[in-house]
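Reading through the structure tokens given below for one structure.
Protein chains: 2
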Amino acid sequence: MPRKKSDARGKKKGGSSHKRAVSLKELAAHVGLSPSTLSLVLNESPVADSIPQATKDRIFEAAKGMNYRPHFHARSLRTKRSHTLGVLVPEISGGYTAEVMNGIEEQLLKAGYFYIVACHRHKAELLDEYPKLFLDRCVDGIIAVDTPITHPLPFPVAAVSGHSDIEGVTNIVLNHRRAAMLALEHLVKLGHRRIAFIKGQVFSSDTEARWNSIREAAREFEITIRPALVAQLKGDSPSPEVGYIAAKRLLAAREPFTALFAFNDISAIGAIRAFQEAGFRVPEDVSVVGFDDVDNAAFHNPALTTIRQPLYEMGQIAAETLLRRIANGDDAAFPELVTVEPELVVRQSTSTAKENGKSQRRKQANR
Amino acid sequence: MPRKKSDARGKKKGGSSHKRAVSLKELAAHVGLSPSTLSLVLNESPVADSIPQATKDRIFEAAKGMNYRPHFHARSLRTKRSHTLGVLVPEISGGYTAEVMNGIEEQLLKAGYFYIVACHRHKAELLDEYPKLFLDRCVDGIIAVDTPITHPLPFPVAAVSGHSDIEGVTNIVLNHRRAAMLALEHLVKLGHRRIAFIKGQVFSSDTEARWNSIREAAREFEITIRPALVAQLKGDSPSPEVGYIAAKRLLAAREPFTALFAFNDISAIGAIRAFQEAGFRVPEDVSVVGFDDVDNAAFHNPALTTIRQPLYEMGQIAAETLLRRIANGDDAAFPELVTVEPELVVRQSTSTAKENGKSQRRKQANR
DNA sequence: AAAATCTACTAAAACGATTTAGTAAAAGCG
DNA sequence: CGCTTTTACTAAATCGTTTTAGTAGATTTT
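Chain order of the listed sequences is A and B.
The first sequence begins at 1 in my numbering and counts up one residue at a time.
The second sequence begins at 368 in my numbering and counts up one residue at a time.
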């Protein structure tokens, strides 16, 4: 058990010599003009058009020279713009969230925006509470990542993997139909007919849409989905364990299958562990298709075949559309829906199906 | 290539009916008292001691009834407290960062704090720029995660895995000596003498301290560190690829070894891939010890033996000490250093060393 | 030459809190 | 009763901007 140990010797006094930041008033006094003038000039207001360039130069120079930075709160108080977004995520975890957040980051930073994060961990009361806290913080808008929005909010919202049709929200979603088609087509081409599925947790935004698409695609390929071969993820841990448990349930049903299409890479990894413990080799005995293409999918053993979601891009799009909405003002038109395309990435976890159910007999577990 | 497609039909007007938030002045008018009084009472200022409980109750009730929430920027402007921390990270990635951020989150939220994040991606100019942006944003302090702080900053700093001795910063570090001892002791007990190492990137805060501890521990166990068996991670990708490349270099040296101690789990995973491609089995031919114990270390194939860092806890400690420092005021004493303890987690990637260099002959790669 | 327009600014009122210095009325004290 | 103290408040300044409505003087127009 790790224990912390606070260094007894190491106490310090923080005699910090913050040289006070210079205010607009001080700067104005310095150049011998009024704060109003400086504000107008520095913000390039059209009202300042009549001011001679020489004066403007003088002002800009002084601002640079004295390292003037407008006071954030003072400005926000006046303008009612905080240049801050709220980001609502289930948790900060390896796979999905991190990638989306990086995309958001990249867009925001170049627009001079920052974001504050809140993790609701699927707790209903937090899902309610956080938008209020964001409102208190005067965010200009929020991005919800894999988080259900159940009622309209008093600021613009972009929802990554959002599927609810709520006033004021822009949903950024994957083309799930195509994703399901890609996965099943790949498996069918390899000769798989008995396919098992791991559905997402009930609280995951994509679960339902994805499942509907899978059923549709299965119909298209004339594959029957056997109830015994469908397991659902339970619990909100971001570890592969939930996939491991779901796969155990699948195996316990003793209904033969030659392939698994998992809800995401993390659960696919857990499932692989379960299969191997049960004595099945992946992909020789059972093929596994993941979803997302997270960082380590390519380096897992075996390397995961997966449906790639452009997560980074989805984050970028969310940030971008939200910023545009904010810039355009509250009652301009905005897209209700942006769809992005998946991509099949074939690696080592899928191969041709073994003929006539040989693999389906449960073997002795190898340890 | 994923393409985005913005739904042509789906345009909406955002006729949002934000009912304006109530201000202190309005609330005051409503209860028939002055804003001053309300402020004093609501903030439980000692100045309000003389105000009868009945009046206080009336005020609190009205505040609740009219759902009064103090305006964030107005308050911050006056009090010069933003209840916001800046968090500086290399990037938001699966392993290290996410876990630490979760720890930070948990502490901050219960203290009514939020944080803004900036990813510097090891770019020198961003490392310089972000603290300034944080200052502009009036943060009350910053937490630097795996990020070098090279000069004093005008606000309190907590550095997770920080090793530089700078005025005003609290370093939260792992007991690297012990970590190195745990890893080498484990390997030595399994009979390993020829051990390869992957050092961290030059820009990683822990690289140097860890390496020094490893050398010390090696001396202790009378293990010689051969230069040909030391590779360093290069490049700032958070993918296992950098470990894969380093391991390739190790193999290219054609100097036999029976075990690898990697800088972190991610690079260990990359290295395992490289070993397997070269025809070595892990752990039968070469044992691998990782570092960190990230989420998927336990589910990798083989499951990673690793040195666990209490990352979540380190995040908590950083947040906690920083909040305390802020609460205590700028010139109170504070700890310079907090040390946390590592833990050896033995899984499947290590086993007894093969005797007399049999494993060290390079085999045919298996595909 | 008077009126209209421009030019180059500024005064002052917000924004929505907090906080210091009071003050009027009531209570306590000798 | 007169004096001090306490009680229950409030006025007004302040934080650092932005922005609207002017204004004084110069220039142009008629």
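No residue lacks a Cβ here, since even glycine has one placed at the ideal position from N, Cα and C.
Remember, predicted model here, so these are calculated numbers, not experimental data.
Neighbours of R137 (chain A) across chain B, judged by C-beta separation under 7 Å: F439, F481.
Of the other Cβ atoms in all chains shown, fewer than 16 fall within 10 Å of the Cβ of Q53 (chain A); this residue is therefore exposed. About 6 Å separates the Cβ atoms of H450 (chain B) and G479 (chain B), confirming a contact at the 8 Å cut-off. Three or more pairs of CB atoms, one per stretch, sit closer than 8 Å, so the segment 194 to 206 of chain A contacts the segment 248 to 267 of chain A. Taken through DSSP and simplified to helix, strand or coil, G94 (chain A) comes out as coil.
The beta-carbon of F666 (chain B) is placed less than 8 Å from the nearest beta-carbon of chain A. If the five residues before and after T147 (chain A) are omitted, its C-beta is found closer than 6 Å to the C-beta atoms of L88, all from its own chain and listed in chain order. Among the residues of chain A, none has a CB under 7 Å from the CB of D513 (chain B); the nearest is roughly 15 Å distant. Going by DSSP, N579 (chain B) is part of the alpha helix (DSSP H) stretching over 573 to 587. The CB of G94 (chain A) comes closer than 8 Å to the CB of S460, G461, G462, A465, V661, D662, N663 in chain B, given here in chain order. Distance from the Cα of I245 (chain A) is smallest, within the candidate group A:I326, A:R273, A:A353, for A:R273.
Contact of N102 (chain A) with chain B by beta-carbon distance below 9 Å involves E458, I459, S460, C486. For K354 (chain A), there is no enclosing alpha helix (DSSP H), since its DSSP letter is neither H nor E. When only Cα atoms are considered, S161 (chain A) and A124 (chain A) end up about 18 Å apart. For Y115 (chain A), the enclosing beta strand (DSSP E) covers residues 114 to 119. Between H192 (chain A) and S267 (chain A), the C-beta gap is not smaller than 8 Å, which leaves the two residues out of contact.
Taking a cut-off of 8 Å on C-beta distances, the segment 688 to 696 of chain B does not touch the segment 433 to 447 of chain B, as fewer than three cross pairs fall below it. The Cβ of S76 (chain A) sits closer than 8 Å to at least one Cβ of chain B. Fully enclosed beta strand (DSSP E) runs of no fewer than 3 residues occupy 84 to 89 of the segment 18 to 101 of chain A, in order along the chain. One finds N663, F666 in chain B with Cβ atoms closer than 7 Å to the Cβ of I269 (chain A), taken in chain order.
Three or more Cβ pairs closer than 8 Å define a contact, and the segment 24 to 42 of chain A meets that threshold against the segment 65 to 75 of chain A. When DSSP states are grouped into helix, strand and coil, F628 (chain B) belongs to the strand group. Under the three-state reduction of DSSP, A699 (chain B) is assigned to coil, being neither helix nor strand.
With fewer than 16 other CB atoms across the displayed protein chains lying within 10 angstroms of its CB, A700 (chain B) is exposed. A residue is called buried when at least 16 other Cβ atoms come within 10 angstroms of its Cβ; V414 (chain B) does not meet this threshold and is exposed. The beta carbon of E472 (chain B) lies closer than 7 Å to none in the same chain, with the five residues before and after it left out. Listed in chain order, the non-local C-beta contacts of A429 (chain B) below 8 Å within the same chain comprise L394, H397, V398, Y435, local neighbours out to five positions each way being set aside.
Taking 8 Å as the threshold, the shortest C-beta distance from R69 (chain A) to chain B falls below it. With 16 or more neighbouring CB atoms inside 10 Å of its own CB, G94 (chain A) falls in the buried class. Contact annotation for R273 (chain A) against chain B: F666 [CB-CB distance below 7 Å, chain order]. Per DSSP, the unbroken alpha helix (DSSP H) holding D495 (chain B) starts and ends at 491 to 503. Interface annotation for the segment 596 to 614 of chain B against chain A: P605, S606, P607, E608, Y611, criterion Cβ-Cβ distance under 8 Å.
When Cβ-Cβ separations below 8 Å define contact, E552 (chain B) makes no contact with chain A. Taking the Cα of L304 (chain A) as reference, the smallest distance to any Cα among A:R58, A:R75, A:Q348 is reached at A:Q348. Judged by DSSP in its simplified three-state form, V294 (chain A) adopts coil rather than helix or strand.
In this model, A158 (chain A) and I116 (chain A) are separated by some 15 Å (Cα to Cα).
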